[in-house]
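Listed in order, the protein sequences are those of chains A and B. Residue numbers for the first sequence follow our numbering, beginning at 1 and rising by one. Residue numbers for the second sequence follow our numbering, beginning at 303 and rising by one. Cβ atoms here follow ideal geometry from the backbone N, Cα and C, with glycine treated the same way. Notes for the one structure printed next.
Protein chains: 2
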Amino acid sequence: MNAALAAGCAYVDGQYVPIAEARIPLLDMGFSRSDCTYDVVAVWQGGFFRLDAHLDRFDRSCACLQLAPPVGRDEVARILHECVGRSGLRDAYVEMIATRGVPNAGERDPRRITNRFYAYAIPYVWIANLDQQAKGLHLAIARNVERISPRAVDPTVKNFHWGDLVRGLFEAYDRAADNAVLVDANGFITEGPGFNVFACYRGQLVTPAEGVLHGITRQTVLELAAAEGITVRVGRVEPEMLREASEIFLTSTAGGLMPVTLLDGQAVGTGEPGAMTLRLRERYWDAHRGGQWVTPVHYPGG
Amino acid sequence: MNAALAAGCAYVDGQYVPIAEARIPLLDMGFSRSDCTYDVVAVWQGGFFRLDAHLDRFDRSCACLQLAPPVGRDEVARILHECVGRSGLRDAYVEMIATRGVPNAGERDPRRITNRFYAYAIPYVWIANLDQQAKGLHLAIARNVERISPRAVDPTVKNFHWGDLVRGLFEAYDRAADNAVLVDANGFITEGPGFNVFACYRGQLVTPAEGVLHGITRQTVLELAAAEGITVRVGRVEPEMLREASEIFLTSTAGGLMPVTLLDGQAVGTGEPGAMTLRLRERYWDAHRGGQWVTPVHYPGG
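Here it is, written out as structure tokens:
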């Protein structure tokens with residue numbers, strides 16, 4: 001094990017390097033036009049969670065943006081195993097990125113640029129860690145910013161266009177909240193920075209259908225809820241439905257299911273993490289301990 | 303003069319390096335959240351054009367995003383002079399960038415991150431060069447994508463959220479056009495990838511007021527037109543006004559005023575670059591030869 005890689009290992013230009021040394025060209029249009037896509041898969045206790053689903057989505061995202069990264073699906077999987085394996089991390093946040101690449105001098109046509117691929121593994125990232133989850137999050141519904149429309153940037157193609165989400169975060173902080181969820185131009189709930197949102201409303205679980213990433217954690221919750229006999233309605237979610245909800249939780253690869261106990265300063269339900277949230281959260285982490293969704297990481301000498 | 307710098311010189315982490323070697327951290331949130339702003343100023347025949355206006359806008363953009371780059375305005379100007387001076391370029395495209403920076407492990411709060419500053423000078427970039435301008439550009443009005451709303455991302459804060467603009471470009475190419483202009487959610491004309499748009503409509507010059515970058519070249523055209531006694535209306539521009547226009551041109555620091563002679567396959571006016579366009583373009587380049595808007599570059603030994 002290389003100690004310099006324990007804080008994270010990145011794949012850049014065919015080399016595996018410590019995360020602190022990982023750099024991309026200043027002129028990569030993945031930066032200068034945010035012309036790129038990415039995906040994040042978790043490693044938990046030495047196993048990737050739903051690796052195939054993340055690779056499928058990454059492939060689809062690349063195709064939607066007319067990006068052809070220099071490595072195919074199997075090679076991407078191999079690189080992700082290498083990044084985690086070389087870092088030695090048992091619980092990791094693993095990202096793959098395809099960018100438009102570096103144009104030749106004066107070139108502005110994205111069709112004429114060789115696309116690039118980057119990846120890295122760092123210690124598992126929590127939007128809210130287990131201590132914060134015990135108390136529950138304080139979520140704000142952003143008032144001063146709306147989510148980028150799907151007619152401008154497709155939210156189902158995972159992207160770094162976070163300007164609206166970061167504005168929402170600053171607004172949440174100004175209002176003493178931990179995080180923000182944004183509404184669309186019609187005032188319907190969409191998503192927040194890196195997460196989908198669910199509510200228990202009149203005994204049913206609800207989550208937005210449109211204007212959001214089709215999160216793998218979101219999908220996992222839909223499947224776990226079905227197995228638990230919980231009715232889920234995927235459709236339009238109005239802010240009023242969140243205000244009347246008995247439970248709210250966020251879903252993300254960076255933290256799983258995270259209970260929300262305050263919404264715009266008002267208690268959600270009893271003000272404690274709800275029973276349905278805790279049950280689904282337990283099922284979610286159970287599913288990480290083995291079974292069809294877990295792919296053991298190839299650790300060196302392992 | 304360092305020959306390696308002749309293709310461009312960048313400023314990264316306090317060092318001046320050849321543009322081909324300039325890299326930013328993979329984990330800079332300027333990349334991973336497109337949480338950054340930038341500005342571009344031209345150098346023409348050894349002089350910056352309207353440097354103060356660009357520095358003013360950059361300062362305002364940073365403030366709007368709550369970014370505090372580690373270098374102040376005078377230091378930014380000094381770095382830009384150094385980048386151009388060390389490259390030896392007489393005609394250059396000069397960019398300054400402020401990013402959120404690299405978070406500590408697990409940190410997701412943008413307030414707790416040290417912001418970063420990058421800059422570079424490369425040879426002058428043309429959206430359309432003088433040969434292409436002689437024929438005039440073929441512009442498409444995008445039908446399948448709309449411009450990101452100002453309620454999501456403020457277009458007056460220059461940003462790398464180009465996903466919508468790149469989609470517009472691909473659509474334009476599919477329709478055999480050179481470039482695209484996007485409409486907003488209400489169907490009004492906004493801007494294209496890196497440019498504002500003007501039309502000569504019923505004898506008046508018109509350009510959109512809202513949902514666009516307040517381009518310095520746009521501002522220069524407004525001032526030059528006033529000096530020429532040309533009436534300009536800055537307001538809502540409908541696609542029909544472009545279709546009925548006798549002249550259309552694009553404005554950008556990357557190319558100045560660029561005539562459009564085809565709109566969605568139909569000739570604009572006579573199908574040749576228009577008289578008003580050519581007159582303003584001449585005044586624009588005249589203004590680069592000296593006067594209040596020109597700041598001579600400090601070249602080494604110069």
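Cβ atoms of Gly558/B and Thr519/B: under 8 Å apart, would you say?
Looking up residue 519/B in the second sequence gives position 217. Looking up residue 558/B in the second sequence gives position 256. Taking 8 Å as the Cβ cut-off, Thr519/B and Gly558/B qualify as a contacting pair.
Supposed contact pair Gly46/A and Pro296/A - C-beta distance, whole angstroms, cut 8 Å:
In the first sequence, counting from the first residue as 1, residue 296/A sits at position 296. In the first sequence, counting from the first residue as 1, residue 46/A sits at position 46. That belief holds up - the Cβ atoms of Pro296/A and Gly46/A are roughly 6 Å apart, short of 8 Å.
Using a C-beta to C-beta distance shorter than 7 Å, which residues of chain A count as neighbours of Val455/B?
Translated into the one-based positions of the second sequence, residue 455/B becomes position 153. Taking the beta carbon of Val455/B as reference, the chain A residues within 7 Å of it are Ile148, Gly163 and Asp164, listed in sequence order.
Per the contact definition of three or more C-beta pairs closer than 8 Å, is the region 485-493 of chain B in contact with the region 540-560 of chain B?
yes
Measure the CB-CB distance between Asn417/B and Ala430/B and report whether it falls below 8 Å.
If you number the second sequence from 1, residue 417/B lands on position 115. If you number the second sequence from 1, residue 430/B lands on position 128. Going by C-beta atoms, Asn417/B is not nearer than 8 Å to Ala430/B.
Pair every Cβ in the region 497-504 of chain B with every Cβ in the region 469-480 of chain B, then say whether three or more of these pairs are closer than 8 Å.
no
What three-state label does DSSP hand Asp365/A in the structure shown?
The structure shown does not extend to residue 365/A, since chain A is modelled only from 1 through 302, so no value can be given for it.
Selected residue, minimal CA-CA separation from Asp486/B, among His463/B, Gly513/B and Val468/B
The sequence position of residue 486/B within the second sequence is 184, counting from 1. Closest by alpha carbon: Gly513/B.
If you check the beta carbons only, do Asp39/A and Arg57/A fall under 8 Å apart?
To locate residue 39/A, count along the first sequence from 1; it is residue 39. To locate residue 57/A, count along the first sequence from 1; it is residue 57. In this structure, Asp39/A lies near Arg57/A, with their beta-carbon atoms less than 8 Å apart.
Would you mind giving the Cβ-Cβ distance between Ile443/B and Ala394/B, rounded to the nearest angstrom? I have them listed as a contact below 8 Å.
Taking the first residue of the second sequence as position 1, residue 443/B is located at position 141. Taking the first residue of the second sequence as position 1, residue 394/B is located at position 92. Actually they are not in contact, since the Cβ atoms of Ile443/B and Ala394/B sit about 32 Å apart, beyond 8 Å.
Round the Cβ separation of Lys135/A and Ser61/A to the nearest angstrom and send it over; I've been treating them as touching at under 8 Å.
Start at 1 with the first residue of the first sequence, and residue 135/A comes out as number 135. Start at 1 with the first residue of the first sequence, and residue 61/A comes out as number 61. Lys135/A to Ser61/A, Cβ: 35 Å. No contact.
Three CB pairs or more closer than 8 Å across the region 276-287 of chain A and the region 19-34 of chain A
no
Going by C-alpha to C-alpha distance, which of Ala305/B, His516/B, Arg477/B and Leu432/B sits closest to Pro320/B?
As a working note, residue 320/B is residue 18 in the second sequence. When only C-alpha atoms are compared, the closest one is Ala305/B.
Would you say Gln368/B reaches chain A, if we count a Cβ-Cβ gap shorter than 8 Å as a contact?
Position 66 of the second sequence, counting from 1, holds the residue named residue 368/B. Answer yes: the Cβ-Cβ gap between Gln368/B and chain A drops below 8 Å somewhere.
Based on the DSSP output, what are the partners of Gln568/B in its beta bridges?
On the second sequence, residue 568/B is found 266 positions in, with the first residue counted as 1. Leu565/B.
At the 8 Å Cβ level, is Ile532/B part of the contact set with chain A, yes or no?
Counted from its first residue, the second sequence places residue 532/B at position 230. Taking Cβ atoms only, chain A never reaches closer than 8 Å to Ile532/B, which makes this a no.
Can you tell me where the alpha helix (DSSP H) holding Gly85/A begins and where it ends?
Your numbering for residue 85/A matches position 85 in the first sequence. Segment Arg73 to Ser87, the alpha helix (DSSP H) holding Gly85/A.
Which of helix, strand or coil DSSP assigns to Gly382/A:
No answer is possible for residue 382/A: it lies beyond the span of chain A, which begins at 1 and ends at 302.
What does DSSP give as the partner residue(s) for Phe551/B in the beta ladder?
The residue given as residue 551/B occupies position 249 in the second sequence. Phe551/B pairs with Phe500/B and Pro561/B.
Which same chain residues end up closer than 8 Å to Val536/B when comparing Cβ atoms and leaving out the 5 residues on each side of it in sequence?
Here the question's residue 536/B lines up with position 234 in the second sequence. Around Val536/B: Val508, Thr509, Pro510, Ala511 and Leu524.
Give the residues of chain B in contact with Pro239/A, contact being defined as C-beta atoms less than 7 Å apart.
Counting from one through the first sequence, the residue named residue 239/A turns up at place 239. Near Pro239/A there are no residues of chain B at all, since even the closest Cβ is about 16 Å away, more than 7 Å.
If distances are taken between C-alpha atoms only, which option among Tyr313/B, Ala407/B, Leu432/B and Val386/B comes closest to Val373/B?
What you label residue 373/B is simply residue 71 of the second sequence in a count that begins at 1. With distances taken between CA atoms, Val373/B lies nearest to Tyr313/B out of Tyr313/B, Ala407/B, Leu432/B and Val386/B.
Would you say Asp39/A faces chain B, with C-beta separation under 8 Å as the test?
Here residue 39/A is taken as the residue at index 39 of the first sequence, counted from 1. False, the Cβ-Cβ gap to chain B never drops below 8 Å.
Compare the C-beta of Asp359/B with all C-beta atoms of chain A and state if any pair is closer than 8 Å.
For the purposes of this step, residue 359/B is taken as residue 57 along the second sequence, with counting starting at 1. Residue 359/B is actually Arg in this sequence, not Asp. Taking Cβ atoms only, chain A never reaches closer than 8 Å to Arg359/B, which makes this a no.
Selection from Ile230/A, Ala22/A, Arg151/A and Leu130/A that minimises the alpha carbon distance to Met258/A
Here residue 258/A corresponds to residue number 258 of the first sequence, with the count starting at 1. Taking only the C-alpha atoms, the option nearest Met258/A is Leu130/A.
If we cut at 8 Å on Cβ distances, does Val181/A have a partner in chain B?
By one-based count along the first sequence, residue 181/A stands at place 181. No, its Cβ sits nowhere closer than 8 Å to a Cβ of chain B.
For Arg585/B, which residues in the same chain have their Cβ closer than 6 Å to its Cβ, ignoring the five residues on either side in sequence?
If you number the second sequence from 1, residue 585/B lands on position 283. Excluding positions up to five away in sequence, the list reads Leu526.
Any alpha helix (DSSP H) of 4 or more consecutive residues that is wholly inside the region 435-496 of chain B
Listed in chain order, the complete alpha helix (DSSP H) runs (minimum 4 residues) inside the region 435-496 of chain B are 465-476.
Count the other C-beta atoms from every protein chain shown that fall within 10 angstroms of the C-beta of Trp464/B, then say buried if there are 16 or more, exposed otherwise.
Taking the second sequence and counting its residues from 1, the one referred to as residue 464/B is at position 162. Per the 10 Å Cβ criterion, buried.
Check whether the Cβ of Asn186/A lies closer than 8 Å to any Cβ atom in chain B.
Here residue 186/A refers to the residue found at position 186 of the first sequence. At a cut-off of 8 Å between beta-carbon atoms, Asn186/A makes no contact with chain B.
Can you find a CB in chain A that lies within less than 8 Å of the CB of Ala324/B?
Taking the second sequence and counting its residues from 1, the one referred to as residue 324/B is at position 22. For Ala324/B, the answer is yes, since a Cβ of chain A falls inside 8 Å of its Cβ.
For Gly593/B, count neighbouring Cβ atoms within 10 angstroms of its own Cβ and tell me buried if that reaches 16, exposed if not.
If you number the second sequence from 1, residue 593/B lands on position 291. So Gly593/B ends up on the exposed side.
What does Leu242/A touch in chain B if you count any residue whose Cβ is under 8 Å from its own?
One-based indexing of the first sequence puts residue 242/A at position 242. The premise fails here: Leu242/A is roughly 20 Å from chain B at the closest Cβ pair, so nothing lies under 8 Å.
For Ala309/B, would you say it is in contact with chain A, using Cβ-to-Cβ distances shorter than 8 Å as the test?
Here residue 309/B refers to the residue found at position 7 when the second sequence is read from its first residue. Output row for Ala309/B: interface = yes.
To the nearest whole angstrom, what separates the beta carbons of Ser451/B and Glu272/A, a pair I think is in contact under 8 Å?
The count along the second sequence starts at 1 and reaches residue 451/B at position 149. The count along the first sequence starts at 1 and reaches residue 272/A at position 272. With 8 Å as the limit, Ser451/B and Glu272/A do not qualify as a contact, their Cβ atoms being about 37 Å apart.
Would you call Glu107/A buried or exposed, if buried means 16 or more other Cβ atoms sit within 10 Å of its Cβ?
As a first step, residue 107/A is located in the first sequence; it is residue number 107 there, counting from the start. Glu107/A sits exposed, since fewer than 16 C-beta atoms from the chains shown fall within 10 Å of its C-beta.
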